[in-house]
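Residue numbers (this note's numbering): -8 to 321.
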């Protein structure tokens, strides 16, 4: 229980929203051990040579909320001189030097089939000690590895990294679920989150986490977590901190006000690859906008209660927005 709104939010963020610090330590140790196991796999000549690895996804960007249910890893393969067509999206990768490690993943036409690569990862990861099961992710773009001792899974994405293109950029080529490869660059997402967070007085990470929690409640249509994250970042990106509230809850209020309009608009992919991220239907947009408007009104009222030191009324109003997991007033 909390006697002030500040205490209520601190408790809510610590116990309900943020990843538990002890669980985070276990996850990092588990990830390090998994990477050690993966780095041993190329000792078998049937497994492709490795080049590097990179963490991606909301866990890597520190915008993930509880529960910790998945950790994303990209395992970068050695392309061994392979080529891809920059004009085709999705593209294909050609094993032009007939590398024996990549030859087994082709269809007889020198094109490296991403499904065959994922299947090989599943085959070898199934043999790794301490892990329960390896299988295809539902979207067909990753291998999913379940653990015996923890509740989270690993989404493991085999990929290649390109040399600089005409624009000076390098990209990661990841499976497209159809045997081909498509571009991405999670480095841009991570750098953007870090930049926007550093530019503001309050924790934008906490504002994003609150928005994601609010979005996931069964009170309206739900947008993809990545879309919500980018809408929040769009609101703060380039905005002077002097024009914004100096509390997380105050900034969340402003985000609700923004979402009720912005959900109808284009949300550009910061990587410049996917185009418009906002693929919501008109009905979904209206549902989210209506809820944002309602909860903006409630949040504004809660802030007024807090200013007049009516913390019991303020906390109960915030509970209407976040549900029964938000702390109660004694």
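Here a beta-carbon is modelled for each residue, glycine too, at the ideal position from N, C-alpha and C.
Fair warning: this is a prediction, and the values are worked out from it, not measured in the lab.
Restricting attention to 152, 121, 205, 248, the CA atom closest to the CA of residue 310 is found in 205. As computed with DSSP, residue 61 is found in a beta bridge with 144. If you draw a straight line from the Cα of residue 154 to the Cα of residue 135, it is about 28 angstroms long.
By the C-beta density criterion, residue 48 is buried, having at least 16 other C-beta atoms within 10 angstroms. Exclusion of the five residues before and after residue 170 leaves 104, 105, 106 as the residues of its chain whose Cβ lies within less than 7 angstroms of its Cβ.
Distance check between residue 146 and each of 62, 187, 183 places 62 closest, using alpha-carbon atoms only. Going by C-alpha positions, residue 254 is about 43 angstroms away from residue 98. Annotated three-state conformation of residue 85 is strand, per DSSP.
Taking a C-beta distance under 9 angstroms as the contact criterion, residue 46 and residue 22 qualify as a contact pair. Residue state for residue 234 is assigned as helix, using DSSP reduced to three classes. In the three-state scheme derived from DSSP, where H, G and I count as helix and E and B as strand, residue 3 is classed as helix. Spatial neighbours of residue 139 in its own chain (CB-CB distance under 7 angstroms, excluding positions within 5 residues in sequence) are listed in chain order as 121, 122, 123. Taking one beta carbon from each stretch, the stretch 73 to 80 and the stretch 108 to 120 have fewer than 3 pairs nearer than 8 angstroms; the two do not touch. Judged by DSSP secondary structure, residue 175 falls within the beta strand (DSSP E) whose first and last residues are 172 to 175. Residue 197 and residue 224 have their C-alpha atoms some 12 angstroms from each other.
A direct Cα-Cα distance of roughly 20 angstroms separates residue 114 from residue 172. Look at the beta carbons and you see the stretch 24 to 43 touching the stretch 54 to 68: at least three pairs across the two are nearer than 8 angstroms. Shown here, residue 77 sits in coil according to DSSP, grouped into three states, outside any helix or strand. Within the DSSP bridge table, the entry for residue 67 names 43, 150 as partners. The beta carbon of residue 8 sits closer than 7 angstroms to the beta carbons of 56, 57, 200, 201, 204 from its chain, once the five residues preceding and following it are set aside; these are given in chain order.
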